[in-house]
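In this note's numbering, the protein residues as written are 11 to 912.
Backbone N, C-alpha and C define an ideal beta-carbon position, used for all residues, glycine too.
Nothing here was measured: the structure is a model prediction, and the numbers come from that model.
Note sheet for the following structure.
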Amino acid sequence: MPDDNRDQAGRPSPDALLEKARAEMRGRLKIFLGAAPGVGKTYEMLVSGRAKIADGLDVVIGVVETHGRKETEALLAGFEIIPRVKIDYKGRPLEEMDLDGILARRPDLVLVDELAHTNAEGSRHPKRYLDVKELLDRGVDVYTTLNIQHVESLNDVVSQITRIRVRETVPDSIIDLADDVEIIDLTPDDLIKRLHDGKVYVPRTAERALTNYFTPGNLTALRELALRKTAQRVDDQLLTHMQAHAISGPWAAGERVLVSIDHHPRSASLVRYAARMASRLRAPWAAVYVETNRSVNLTEAERDTVAATLRLAEQLGGEAITIPGREVAEELVRHATANNVTHIVIGAPKAATWRDWWSRSITDELIRKTGEISVHVISGNEKDGTTARGVRAAATAPQFDFRAYLLATVYVAIALAVSIVLDQVLDVRNLALVFLMAVLTSAVLHGLRPALYSCILGALSFNFFFLPPRYTLTISDPESVLALFFFLGVAIIASNLTATVQRQAAAARQRARTTEDLYLFSKKLAGTGTLDDVLWATAFQLASMLKVRVVLLLPEEGTIAVKAGYPPDDTLDDADIAAARWAWEHNHAAGRGADTLPGAKRLYVPLRTGRTAVGVIGLDSDRRDGPLLTPEQQRLLDALADQAALAIERVQLVADVDRARLAAEADRLRSALLTSISHDLKTPLAAILGAAGTLRDYFASMPEEDRSDLLSTVVDESERLNRFIANLLDMTKIESGAMEPNFALHYAGDIVGSALRRAAKILERHKTETSISADLPMVRVDPVLFEQVIFNLLDNAAKYAPEGSVVHIESWADADNVVLQVSDEGPGIPPADLTRVFDTFYRVRKGDQVRAGTGLGLSICRGFTEAMGGTITAANRKGRPGAVFTIRLPKPNDIPKLDELR
Numbered sequence: 011m012p013d014d015n016r017d018q019a020g021r022p023s024p025d026a027l028l029e030k031a032r033a034e035m036r037g038r039l040k041i042f043l044g045a046a047p048g049v050g051k052t053y054e055m056l057v058s059g060r061a062k063i064a065d066g067l068d069v070v071i072g073v074v075e076t077h078g079r080k081e082t083e084a085l086l087a088g089f090e091i092i093p094r095v096k097i098d099y100k101g102r103p104l105e106e107m108d109l110d111g112i113l114a115r116r117p118d119l120v121l122v123d124e125l126a127h128t129n130a131e132g133s134r135h136p137k138r139y140l141d142v143k144e145l146l147d148r149g150v151d152v153y154t155t156l157n158i159q160h161v162e163s164l165n166d167v168v169s170q171i172t173r174i175r176v177r178e179t180v181p182d183s184i185i186d187l188a189d190d191v192e193i194i195d196l197t198p199d200d201l202i203k204r205l206h207d208g209k210v211y212v213p214r215t216a217e218r219a220l221t222n223y224f225t226p227g228n229l230t231a232l233r234e235l236a237l238r239k240t241a242q243r244v245d246d247q248l249l250t251h252m253q254a255h256a257i258s259g260p261w262a263a264g265e266r267v268l269v270s271i272d273h274h275p276r277s278a279s280l281v282r283y284a285a286r287m288a289s290r291l292r293a294p295w296a297a298v299y300v301e302t303n304r305s306v307n308l309t310e311a312e313r314d315t316v317a318a319t320l321r322l323a324e325q326l327g328g329e330a331i332t333i334p335g336r337e338v339a340e341e342l343v344r345h346a347t348a349n350n351v352t353h354i355v356i357g358a359p360k361a362a363t364w365r366d367w368w369s370r371s372i373t374d375e376l377i378r379k380t381g382e383i384s385v386h387v388i389s390g391n392e393k394d395g396t397t398a399r400g401v402r403a404a405a406t407a408p409q410f411d412f413r414a415y416l417l418a419t420v421y422v423a424i425a426l427a428v429s430i431v432l433d434q435v436l437d438v439r440n441l442a443l444v445f446l447m448a449v450l451t452s453a454v455l456h457g458l459r460p461a462l463y464s465c466i467l468g469a470l471s472f473n474f475f476f477l478p479p480r481y482t483l484t485i486s487d488p489e490s491v492l493a494l495f496f497f498l499g500v501a502i503i504a505s506n507l508t509a510t511v512q513r514q515a516a517a518a519r520q521r522a523r524t525t526e527d528l529y530l531f532s533k534k535l536a537g538t539g540t541l542d543d544v545l546w547a548t549a550f551q552l553a554s555m556l557k558v559r560v561v562l563l564l565p566e567e568g569t570i571a572v573k574a575g576y577p578p579d580d581t582l583d584d585a586d587i588a589a590a591r592w593a594w595e596h597n598h599a600a601g602r603g604a605d606t607l608p609g610a611k612r613l614y615v616p617l618r619t620g621r622t623a624v625g626v627i628g629l630d631s632d633r634r635d636g637p638l639l640t641p642e643q644q645r646l647l648d649a650l651a652d653q654a655a656l657a658i659e660r661v662q663l664v665a666d667v668d669r670a671r672l673a674a675e676a677d678r679l680r681s682a683l684l685t686s687i688s689h690d691l692k693t694p695l696a697a698i699l700g701a702a703g704t705l706r707d708y709f710a711s712m713p714e715e716d717r718s719d720l721l722s723t724v725v726d727e728s729e730r731l732n733r734f735i736a737n738l739l740d741m742t743k744i745e746s747g748a749m750e751p752n753f754a755l756h757y758a759g760d761i762v763g764s765a766l767r768r769a770a771k772i773l774e775r776h777k778t779e780t781s782i783s784a785d786l787p788m789v790r791v792d793p794v795l796f797e798q799v800i801f802n803l804l805d806n807a808a809k810y811a812p813e814g815s816v817v818h819i820e821s822w823a824d825a826d827n828v829v830l831q832v833s834d835e836g837p838g839i840p841p842a843d844l845t846r847v848f849d850t851f852y853r854v855r856k857g858d859q860v861r862a863g864t865g866l867g868l869s870i871c872r873g874f875t876e877a878m879g880g881t882i883t884a885a886n887r888k889g890r891p892g893a894v895f896t897i898r899l900p901k902p903n904d905i906p907k908l909d910e911l912r
């Protein structure tokens, strides 16, 4: 961030001192940064750790991954290693860094390998860099390792280079937090040799890595990224050091470019030149406009030029900065030295003017004051100015305020009355100060013109009433002539200065109001989550700030359509539709007041982002002819439109991500469905076909017992197939929202008995126990759906529980619900799967002897139960193996009494 301490020249930057104080309050972070795996980051970290132990520091290892490299493992000797904590993840134990153990041990320095690592579920933090941040906040120094491909801002670049998307990333703010970044560099040839020697991966993995990732081109590009990232961090540290110690720049360790712009059209060519220079130097750059007292007197066209030039700088990748100050050259030098700028681009002086007789030009002053900073004086080309807006501005005719002149007359009259009273005791020359007070009052309250009017009126009054001969405009005393002359001069200068200050104050108030409105608008947009909310907020803000009627149009099916308006208005005539479409297709303004299709009722301005036009704004007012917006309103429209376009693009990108996620989910479900159909549908069909074919071919020669077994197989597999198809149909109803339960009051025990009879064949190798209270309240359910829920739970228990085990069904009532539990004596559910067992097509991993399921049964249980207003949860039995499923159904409030049923 640029630093600008105009009032504290020669003093350290408060921001830099504050950052230094924050760094001293936390632990120090050193990152060993490498271009790729295998360059020796972990090895170098351990060597540095050993050096710290030799210096007497308390050093421990939090986590180090040696990857089987013997030279790295040898360095672990002599270190205290904090034992890792074990976390159960999907039924298998994982080891993670013991953050609490390190904090309890509280060493001086801890070594933490692989900063971008993702912690297992159940850890305190999801990412290891958050563990490191907590260690730093507790005052513990940390050494850590990181590969350049894990830096968040470089993720897309790395993906483009290597064709591999890295999922584990570290935000750039962590690198900015580092006190030291040490680059661990190795040439591509040396790294490839290490791969061939088996010092990075095992041979098979190394061969695959050499083909896909560790190519010379990839490694060279990654090496450049790592070097540049390190150089950027070092440059930021140098700038902070200079600001914290009040060191005047530049220290040309890195290049920085600054371009000075003004209200002349050639400023656009200067900005483009600076952008090209910064691109060649690969340096950051900024466009700076110094707002002086003379800026208040700029015309609207000149103000528009300044605003357009600053926008051009932002579009070209630079930073747009506006600095208030007294002298342009002085402020540019102060900003450049505070921010270590090495190159300043400025326009060549114009033709000599009358001011050059007693003062140097801005360019000459800048060259004289910059010292070691290189100054590039460019002639510039006014024809190469900013792109024309293409919209005519409404004229802002100066308003004649008769009331201001009337009040100025009153002020002079009051001064005259006071002077007549004071004339008895004061010298006549002192009375001029009373009239001067009237002039200053007019300047402060009403501006320059009424002040000049009161100046002339006061001079005439002072001459007529007080200078001899009195009551004439003739002046006989030469001293009085001189006094009147100086009175006029002082009054004119004072009124001009006072009016200038008044204009500056009014402009500052207007700027503050506009800034506050823009801030509130951006805050409102940041809190919106839907496109309709963004469009409504945008339409309302445009209408309220510009005092116009607004319609917002977005692309839809190859054309453009009205999506919002304030006040609501969705009727556009043919000329307006043509103008809106042209503005969208050509990314340029059209319609009323524009160069294109000026016959339209509204002015249409494209909503632009860095990528493309995302929509169109249509503006209209009660004034039926002529341009619509003043230059100031056009600049305000640009600011509002930029924010709105970014918000619309953000919502659309989120929608695109959601669509991509849904498409991926649909593909996953489609794949799971095809897999399920190919296996779960084919298996019973194959059994049916095999049994039926055997009966057909060998029916006469087969014993009765074998025929009975084959017929039972046909029936059993047909029932299994029927259940599978029924599950698919039920799941389709749930997903489509077509489930409409037929509610009625039922006793849960009756439905449980019906489900047990239906599942008798499935449970024939298991024992069943029921414990259902006779006085259990009735529940309002669909009996068919509820029976299917219980049947699916019984079927699930029969699949997972061993033969001869007990399936227990229990039901009771609590304060608000009727509870029904189905438990088994199987292996239970892995803790990581407890929340996923109800997902569609999700199957818990089973042993070889467990018959396969479709992954639909429990999902249907949840869908049916929630459709009936209840909940279903999965858990493991306490104190013994087995799973337990709990259904809770709300007690109905309108259970009829026994007398009412008779």
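A Cβ-Cβ distance of about 4 Å is found for the pair residue 341 and residue 335, placing them in contact under the 8 Å criterion.
The count of Cβ pairs closer than 8 Å, one atom from the region 300 to 315 and one from the region 377 to 391, stays below three, leaving the stretches out of contact. Across the set 204, 632, 603 and 838, the C-alpha of 603 shows the shortest separation from the C-alpha of residue 644. Beta-bridge partners assigned by DSSP to residue 822: 829.
Approximately 14 Å separates the beta-carbon atoms of residue 796 and residue 769; this is outside 8 Å, ruling out the contact. Between residue 114 and residue 108, the alpha-carbon positions lie close to 10 Å from each other. A straight-line Cα-Cα distance of about 37 Å links residue 235 and residue 540. Assigned with DSSP and collapsed to three states, residue 203 falls in helix. Inclusion of residue 626 and residue 593 in the CB contact set at 8 Å is warranted, their separation being smaller than that value. The alpha-carbon of residue 65 is positioned some 20 Å away from that of residue 72. Per DSSP, the beta-bridge partners of residue 295 are 267. Distance from residue 571 to residue 563 at the Cβ level is roughly 6 Å; contact confirmed, criterion being Cβ atoms closer than 8 Å. Less than 8 Å divides the Cβ of residue 607 from the Cβ of residue 585. Note: residue 137 is bridge-paired with 128 in the DSSP secondary-structure output. The continuous beta strand (DSSP E) containing residue 565 extends over residues 559 to 566. For the pair residue 232 and residue 171, the CB atoms are nearer than the 8 Å cut-off.
One alpha carbon belongs to residue 196, the other to residue 281, and they sit about 39 Å apart. Here the region 338 to 355 makes contact with the region 290 to 304; the two share three or more CB pairs at distances below 8 Å. Of the residues 605, 599 and 610, the one whose Cα lies closest to the Cα of residue 648 is 599. Residue 653 and residue 81 have their C-alpha atoms some 55 Å from each other. Residue pairing by DSSP places residue 315 opposite no residue, since no beta bridge is assigned to it. Within the same chain, Cβ atoms closer than 6 Å to the Cβ of residue 705 are found at 720, the five residues on either side in sequence being excluded. Rounded to whole angstroms, the separation of the alpha carbons of residue 460 and residue 430 is 23 Å.
The beta carbon of residue 159 is closer than 6 Å to those of 168 and 176 in its chain, skipping five residues each way along the sequence. Apart from the 5 residues on each side of it in sequence, residue 871 sits with its Cβ closer than 6 Å to the Cβ of 799, 802 and 882 in its chain, given in chain order. Take the alpha-carbon of residue 866 and the one of residue 874: they are about 12 Å apart. Contact check for residue 529 against residue 553 fails: the beta carbons are separated by 8 Å or more. Taking C-beta atoms as the reference points, residue 476 and residue 498 fail to come closer than 8 Å. Residue 508 is not a Cβ neighbour of residue 646, given a cutoff of 8 Å. For residue 575, the enclosing beta strand (DSSP E) stretches over residues 569 to 576. Residue 484 and residue 413 have their C-alpha atoms spaced approximately 31 Å apart. Annotation: the continuous beta strand (DSSP E) that includes residue 624 extends over 623 to 630. Residue pairing from DSSP places residue 332 in a beta bridge opposite 299. Between residue 120 and residue 89, the CB-CB gap reaches or exceeds 8 Å. Contact check for residue 807 against residue 844 fails: the beta carbons are separated by 8 Å or more. In the DSSP assignment, residue 157 falls within the unbroken beta strand (DSSP E) covering 151 to 157.
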